[in-house]
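**Q** In my numbering, the protein residues as written are 49 to 161.
Every residue, glycine too, gets a C-beta built ideally from N, C-alpha and C.
The structure displayed is predicted, hence computed values, not measured ones.
I have a structure I would like to understand better, so I am pasting it below and will then ask my questions one at a time.
Laid out in C-alpha cells, this is it:
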C-alpha cells in the first residue's frame, strides 16, 4: 500500500540540467537521502527543487552578510542589511520543505508511526 501512495520515483533521482550546479548537487543529495529512507517520489520533484534552491539562496544571503555585515550604510545612517530578511525568508522555506519531505526529526518521527 505504501508503494502505491508513494508513486513512481524513476525521475526524482536527478535534478534538471538547467539548474545551477550547486542546486543540482543539493537536489541530488536530498533525493539520495529520501531514496535511502524509501520515501523518494516523482510527486516531490518540485518540492525537492524548491528546498535545494532555498539552501542555495540562503547561502548566498549568508555570503552577502559575511561580506557586507549586518548593517550597511544608507546615506548618513546605518540600516539593517536586507540580506538578513532574505536569509530568514529562505530559512523558512527550507524548514517547510524539510518538514514536507520528512527531513526534520519531527517529520521523520511522524512517518515512522
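#1: Spatial neighbours of residue 88 within its chain, please: CB distance less than 7 angstroms, with the 5 preceding and 5 following residues excluded, ordered by chain position.
#2: Using a Cβ-Cβ cutoff of less than 8 angstroms, which residues in the same chain neighbour residue 104 once the five nearest sequence positions on both sides are dropped?
#3: Measuring only the C-alpha atoms, how far is residue 86 from residue 138?
#4: For residue 124, is the classification buried or exposed, using 16 other Cβ atoms within 10 angstroms of its Cβ as the cut-off for buried?
#5: Can you name the start and end residues of the beta strand (DSSP E) that residue 119 belongs to?
#6: Would you say the segment 143-155 touches the segment 111-126, given that touching needs at least three Cβ pairs under 8 angstroms?
#7: Given residue 99, which residues of its chain have a CB within under 7 angstroms of its CB, disregarding the five upstream and five downstream residues?
#8: In whole angstroms, give me the CA-to-CA distance for residue 63 and residue 128.
**A** In short:
#1: Looking up residue 88 in the chain shown gives position 40. 57, 60, 79, 82, listed in sequence order.
#2: By 1-based counting over the chain shown, the position of residue 104 is 56. Correct list, in chain order: 68, 70, 71, 74.
#3: Taking the first residue of the chain shown as 1, we reach residue 86 at position 38. Taking the first residue of the chain shown as 1, we reach residue 138 at position 90. Each residue's Cα considered, the two are about 27 angstroms apart.
#4: Here residue 124 refers to the residue found at position 76 of the chain shown. The residue in question, residue 124, is exposed, as its Cβ has fewer than 16 Cβ neighbours within 10 Å.
#5: Start at 1 with the first residue of the chain shown, and residue 119 comes out as number 71. Residues 119-122.
#6: no
#7: Stepping through the chain shown from its first residue, residue 99 is reached at position 51. Cβ within range, chain order: 78, 142, 145, 146, 149.
#8: Looking up residue 63 in the chain shown gives position 15. Looking up residue 128 in the chain shown gives position 80. When rounded, the distance between both Cα atoms is 35 angstroms.
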